[in-house]
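*Asks:*
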DNA sequence: ACGTAACCGAGACGGTACGTCTAGTCTTTCA
DNA sequence: TGAAAGACTAGACGTACCGTCTCGGTTACGT
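Residue numbers (full-length UniProt numbering), protein chains in the order written: chain X, 1 to 190; chain D, 1 to 190; chain Y, 1 to 190; chain C, 1 to 190.
1) So, with DSSP's three-state summary, where would you put residue 74 (chain X)?
2) Could you say if the region 14-23 of chain Y and the region 59-75 of chain Y meet the contact criterion of at least three C-beta pairs nearer than 8 Å?
3) The alpha helix (DSSP H) with residue 14 (chain D) in it runs from where to where?
4) Among residues of its own chain, excluding the 5 on either side of residue 11 (chain C), which ones have a beta-carbon nearer than 6 Å to its beta-carbon?
5) Step through the CB atoms of chain C and report whether any lies within less than 7 Å of the CB of residue 153 (chain Y).
6) Is any non-hydrogen atom of the ligand ATP found closer than 6 Å to the C-beta of residue 40 (chain C), if you look at the structure I gave you?
7) Whole-angstrom Cβ separation of residue 188 (chain D) and residue 84 (chain D), contact assumed at under 8 Å?
8) Mind checking whether residue 159 (chain Y) and residue 167 (chain C) have CB atoms under 7 Å apart?
9) Compute the beta-carbon to beta-carbon distance between residue 116 (chain X) and residue 96 (chain D), rounded to the nearest angstrom, for a pair I have assumed lies under 8 Å.
10) Counting only runs that start and end within the region 79-157 of chain X, where is the alpha helix (DSSP H) found for 4 or more residues in a row?
11) How would you list, in chain order, the residues of chain C whose beta-carbon sits under 9 Å from the beta-carbon of residue 162 (chain Y)?
12) At a Cβ threshold of 7 Å, is residue 43 (chain D) touching chain X?
13) Between the alpha carbons of residue 180 (chain X) and residue 152 (chain D), how many angstroms are there, rounded?
14) Please report the distance separating the alpha-carbon of residue 156 (chain D) from that of residue 182 (chain X).
15) If I measure Cβ to Cβ from residue 57 (chain X) and keep anything under 8 Å in the same chain, skipping five residues before and after, which residues do I get?
16) Nearest to residue 29 (chain C) by alpha carbon, out of C:161, C:138 and C:111?
17) Pull out every residue of the region 74-86 of chain X whose Cβ sits closer than 7 Å to any Cβ of chain D, in chain order.
18) In three-state DSSP terms, what is residue 177 (chain Y)?
19) Which residues of chain X have a Cβ atom closer than 7 Å to the Cβ of residue 122 (chain D), listed in chain order?
20) Run the CB neighbour count on residue 80 (chain D), radius 10 Å, all protein chains shown included, and call it buried at 16 or more, exposed below.
21) Beta-carbon of residue 159 (chain X) versus every beta-carbon of chain D: anything under 7 Å?
22) Can you say whether residue 45 (chain C) is buried or exposed, counting buried as having 16 or more other CB atoms within 10 angstroms of its CB?
23) Compare the beta carbon distance of residue 128 (chain Y) and residue 72 (chain Y) with 7 Å and say whether it is the shorter of the two.
24) Counting only beta-carbon separations shorter than 7 Å, does residue 109 (chain X) have a partner in chain D?
25) Return the residue from the list C:82, C:162 and C:172 that minimises the CA-CA distance to residue 105 (chain C).
26) Could you pull out every residue in the same chain whose Cβ sits closer than 7 Å to the Cβ of residue 165 (chain X), ignoring the five residues on either side in sequence?
27) Can you give me the Cβ contacts of residue 185 (chain Y) inside the same chain, cut-off strictly under 8 Å, excluding the 5 residues immediately before and after it?
28) Of the residues Y:50, Y:26, Y:49 and Y:31, which one's Cα is nearest the Cα of residue 39 (chain Y)?
29) Just verifying my parser: in three-state terms, what is the DSSP assignment at residue 53 (chain Y)?
30) Using a Cβ-Cβ cut-off of 8 Å (strictly less than) and excluding sequence neighbours within five positions of residue 100 (chain Y), which residues of its own chain qualify?
31) Output the boundary residues of the alpha helix (DSSP H) element that contains residue 39 (chain C).
32) Taking only three categories from DSSP, how would you classify residue 59 (chain Y)?
33) Quick one: grab the DSSP three-state call for residue 6 (chain X).
34) Among residues of its own chain, excluding the 5 on either side of residue 237 (chain X), which ones have a beta-carbon nearer than 6 Å to its beta-carbon?
35) Would you please verify whether the beta carbon of residue 156 (chain Y) is less than 7 Å from any beta carbon of chain C?
36) Using C-beta distances below 6 Å, list every residue in its chain close to residue 120 (chain D), excluding the 5 sequence neighbours before and after it, in chain order.
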């Protein structure tokens with residue numbers, strides 16, 4: 001990855017940071033569709049070319065913001081208290097609390113749109129929400145502990161959990177109090 | 001609503017239809033982000049002003065296309081064969097088949113993006129995908145027939161079913177063969 | 001002109017007046033190039049069609065305003081005191097004073113532009129500024145009184161007088177104190 | 001004024017020329033009021049933004065065309081044959097000939113309209129028509145040669161000459177044969 | 001130490017689409 | 001049937017960004 005023996009100045013790290021910060025700020029404030037390269041360049045006091053040199057697209061900027069934890073700063077890892085349902089409920093409530101907090105309104109929606117344009121964004125989104133790897137691990141552990149039938153279709157289970165979150169958020173309906181609990185009861189055995 | 005006794009010419013219905021048809025065609029062909037007012041106006045052989053007179057935004061056009069059933073043309077009503085699981089599986093497979101058919105690739109993604117911009121689109125989308133009107137009835141019937149516990153949280157059930165579809169589609173992962181069946185087994189009692 | 005025996009309502013004189021008043025007001029305030037049919041219609045609370053029905057063009061409106069003395073309200077007739085030069089100087093100063101008064105800044109320019117589009121405006125402009133008919137009479141009287149050589153080319157004399165006013169105004173240079181006097185001395189014998 | 005050491009690409013001179021040529025051509029062909037930025041951009045094969053970047057308005061384009069001698073190409077310098085009247089008559093006839101030639105019909109009117117919108121156009125127009133620079137010199141020479149009284153108000157003389165031309169042209173009356181001669185006789189001593 | 005390759009800012013450029021405005025024409029309803 | 005209200009096509013307006021490009025200046029490695 002690191003180009004050895006190349007001439008010329010090193011990549012300006014300050015510029016890179018400034019660009020990602022400007023990107024994050026704009027996504028958080030106005031959403032992904034209001035994100036413009038020119039705006040980021042202006043905010044970061046950087047020339048457009050410096051952005052285009054390193055990122056191929058708007059969505060790539062967002063992907064790197066995710067990778068750098070400048071968006072979705074929290075990493076949601078389900079605990080393993082022994083009680084699967086309780087753990088999943090807590091995990092859901094954490095995410096719901098994060099998405100509902102003042103600074104993050106519309107963030108998931110923005111990221112979903114970016115994710116439709118860019119697979120990397122989708123990957124990071126899944127990772128950060130702890131969806132596939134972390135939740136998967138928790139489920140495997142649950143199967144081993146006989147809290148979950150061995151033939152549970154884990155992919156579908158994950159999609160249903162995540163999907164319920166997503167469609168609620170997309171609909172703009174907000175999350176009522178019992179949502180996490182009801183969903184967990186519905187999908188997981190006691 | 002109906003303005004009584006107003007002077008002046010009536011709204012040109014042909015123009016309205018042509019605009020919505022052009023909108024639908026462009027969304028289906030190139031997706032929502034390639035949809036431009038100028039393009040629609042050109043296709044519909046109408047002046048831009050006629051579009052701006054009646055619709056405030058790009059997304060409002062799409063919302064009306066949905067309302068007029070020019071997008072998501074097929075309406076999926078689950079049957080009531082007495083076997084809830086089987087009915088839901090068939091319903092899921094219908095939708096999957098529709099979403100996967102050549103003309104509709106990316107359609108859901110487009111509509112979801114439009115839905116993030118416009119609450120009406122979101123509403124129509126929820127309605128159209130049959131969740132509330134159609135699946136709701138089926139679930140109520142199932143409760144009455146003791147195929148579903150009376151305390152099942154129907155909203156969460158619907159979100160989980162629909163959401164699983166949505167995230168799969170968004171992820172671009174495609175639907176494998178067992179998806180509908182696995183999902184139904186996961187969410188519904190035998 | 002008057003259509004005899006025709007049925008239906010008569011032309012609405014109030015509308016006509018309102019249209020001309022709106023036209024005059026707009027020309028005086030913002031100049032001829034800011035004059036729009038839509039603006040006049042809005043000001044006069046009249047439909048566009050009512051304007052188009054009776055006037056073929058923007059400039060025709062201005063022409064009628066001139067004819068109705070709603071623009072260039074003062075009529076400049078040179079006196080005949082026996083002293084031609086003095087009379088012309090007074091006449092020039094009257095016009096200069098009028099053109100320079102607060103409400104009329106740019107008016108001549110506006111009317112000149114309208115005149116290039118519409119012969120009627122040109123005619124009215126000439127009439128109203130007293131040029132041809134009124135100044136012509138004064139010159140004829142001067143010839144008879146031996147204050148002006150009989151072979152003076154009156155058309156050129158008038159053009160030179162009027163033209164000097166016009167180019168000064170167009171240039172936006174303003175009229176200095178001696179202008180009227182100098183011009184009269186230059187063009188007329190003592 | 002000249003930006004020293006500025007970075008970035010230089011202004012494209014070819015584009016500038018093409019824009020001014022397109023402007024000139026359109027003014028000559030269809031007059032100033034038919035001049036549109038979009039038309040110029042299309043003719044010059046240049047984007048609209050390139051025009052708006054460098055010129056604030058339609059009239060500024062015309063002003064620069066005048067400054068670049070792409071309009072009113074011929075520069076009328078009065079000769080000095082020793083006979084002031086004869087020189088002025090020839091000068092007037094040259095201008096009349098130019099204004100009356102097929103390609104230039106309406107040109108003066110166009111420029112006058114532009115001049116009412118833009119002081120620079122007015123200035124260039126005065127300059128170009130030779131009044132101040134060129135005719136002024138001829139008059140000074142005439143005063144030195146005792147062909148013109150030393151106290152002749154040159155500004156008014158110029159305005160009268162130029163103004164007579166202008167109002168004739170604006171009136172659309174055309175120039176009859178004796179015009180130049182009569183005017184010169186009227187304004188200048190033998 | 002010098003050359004040179006790459007970085008960076010600034011910003012011009014051809015484009016596309018935006019949403020607005022006005023021109024004229026045409027249609028409908030009221031009085 | 002005149003006038004109002006206003007829908008309609010047409011097309012220019014001036015703005016915002018796009019992604020590419022060209023400069024001039026500046027590192028900092030490699031010979």
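C-beta atoms are modelled at their ideal positions from N, C-alpha and C, and glycine is treated no differently.
Please read all numbers here as calculations on a predicted model, not as lab measurements.
*Replies:* On the basis of the coordinates in this document:
1) The residue given as residue 74 (chain X) occupies position 74 in the first chain. Reduced to three states, the DSSP call for residue 74 (chain X) is coil.
2) Three or more Cβ pairs closer than 8 Å define a contact, and the region 14-23 of chain Y meets that threshold against the region 59-75 of chain Y.
3) As a first step, residue 14 (chain D) is located in the second chain; it is residue number 14 there, counting from the start. Here the alpha helix (DSSP H) through residue 14 (chain D) covers 13-30.
4) Within the fourth chain, numbered from 1, the residue matching residue 11 (chain C) stands at position 11. Excluding residues within five positions, none has a Cβ falling inside 6 Å.
5) If you number the third chain from 1, residue 153 (chain Y) lands on position 153. With 7 Å as the cut-off, residue 153 (chain Y) counts as an interface residue toward chain C.
6) This structure simply doesn't include the ligand ATP, nor any ligand for that matter.
7) Position 188 of the second chain, counted from the start, is the residue given in the question as residue 188 (chain D). Position 84 of the second chain, counted from the start, is the residue given in the question as residue 84 (chain D). Rounded, the Cβ-Cβ distance is 6 Å, consistent with contact.
8) Your numbering for residue 159 (chain Y) matches position 159 in the third chain. Your numbering for residue 167 (chain C) matches position 167 in the fourth chain. Yes, Cβ-Cβ distance for residue 159 (chain Y) and residue 167 (chain C) is below 7 Å.
9) Here residue 116 (chain X) is taken as the residue at index 116 of the first chain, counted from 1. Here residue 96 (chain D) is taken as the residue at index 96 of the second chain, counted from 1. A Cβ-Cβ separation of about 18 Å leaves residue 116 (chain X) out of contact with residue 96 (chain D) under the 8 Å criterion.
10) 84-100, 107-117, 119-128 and 136-144
11) Working through the third chain from its first residue, we reach residue 162 (chain Y) at position 162. Within 9 Å Cβ-Cβ: 163, 164 and 167.
12) One-based indexing of the second chain puts residue 43 (chain D) at position 43. So, not an interface residue.
13) What you label residue 180 (chain X) is simply residue 180 of the first chain in a count that begins at 1. What you label residue 152 (chain D) is simply residue 152 of the second chain in a count that begins at 1. Roughly 14 Å between the two C-alpha positions.
14) Taking the second chain and counting its residues from 1, the one referred to as residue 156 (chain D) is at position 156. Taking the first chain and counting its residues from 1, the one referred to as residue 182 (chain X) is at position 182. If I take the Cα positions, the gap works out to 7 Å.
15) Working through the first chain from its first residue, we reach residue 57 (chain X) at position 57. Closer than 8 Å at Cβ, skipping near neighbours: 117 and 118.
16) On the fourth chain, position 29 is the one that residue 29 (chain C) refers to. That would be C:111, whose Cα lies nearest to the Cα of residue 29 (chain C).
17) none
18) Along the third chain, read from residue 1 onward, the residue named residue 177 (chain Y) stands at position 177. Residue 177 (chain Y): coil per DSSP, three-state reduction.
19) The residue labelled residue 122 (chain D) in the question sits at position 122 within the second chain. Result: 170, 171 and 172.
20) Position 80 of the second chain, counted from the first residue, corresponds to residue 80 (chain D). By the 10 Å Cβ count, residue 80 (chain D) comes out exposed.
21) Here residue 159 (chain X) is taken as the residue at index 159 of the first chain, counted from 1. Interface residue (Cβ-Cβ distance to chain D less than 7 Å): residue 159 (chain X) is classified as such.
22) Looking up residue 45 (chain C) in the fourth chain gives position 45. With fewer than 16 other Cβ atoms from the protein chains shown falling within 10 Å of its own Cβ, residue 45 (chain C) counts as exposed.
23) Within the third chain, the letter at position 128 stands for residue 128 (chain Y). Within the third chain, the letter at position 72 stands for residue 72 (chain Y). Cβ distance < 7 Å, so residue 128 (chain Y) and residue 72 (chain Y) count as in contact.
24) Position 109 of the first chain holds residue 109 (chain X). Answer yes: the Cβ-Cβ gap between residue 109 (chain X) and chain D drops below 7 Å somewhere.
25) The residue given as residue 105 (chain C) occupies position 105 in the fourth chain. Residue C:172 is the option with its Cα nearest to residue 105 (chain C).
26) As a working mapping, residue 165 (chain X) is identified with position 165 in the first chain. 95, listed in sequence order.
27) The count along the third chain starts at 1 and reaches residue 185 (chain Y) at position 185. Cβ within range, chain order: 85.
28) Position 39 of the third chain, counting from 1, holds the residue named residue 39 (chain Y). With distances taken between Cα atoms, residue 39 (chain Y) lies closest to Y:26.
29) The residue given as residue 53 (chain Y) occupies position 53 in the third chain. Of the three classes helix, strand and coil, the one that applies to residue 53 (chain Y) here is helix, per DSSP.
30) The residue given as residue 100 (chain Y) occupies position 100 in the third chain. These residues qualify, in order along the chain: 174 and 175.
31) Translated into positions along the fourth chain, residue 39 (chain C) becomes position 39. Element bounds for residue 39 (chain C): 37-44.
32) If you number the third chain from 1, residue 59 (chain Y) lands on position 59. In this structure, residue 59 (chain Y) counts as helix in the three-state DSSP scheme.
33) Position 6 of the first chain, counting from 1, holds the residue named residue 6 (chain X). It is coil, neither helix nor strand.
34) Any question about residue 237 (chain X) goes unanswered here, given that chain X covers just 1 to 190.
35) Taking the first residue of the third chain as 1, we reach residue 156 (chain Y) at position 156. Cβ-Cβ to chain C under 7 Å: yes for residue 156 (chain Y).
36) Along the second chain, read from residue 1 onward, the residue named residue 120 (chain D) stands at position 120. Close CB contacts of residue 120 (chain D) within its chain, under the 6 Å cut and outside five residues either way in sequence, are with 63 (chain order).
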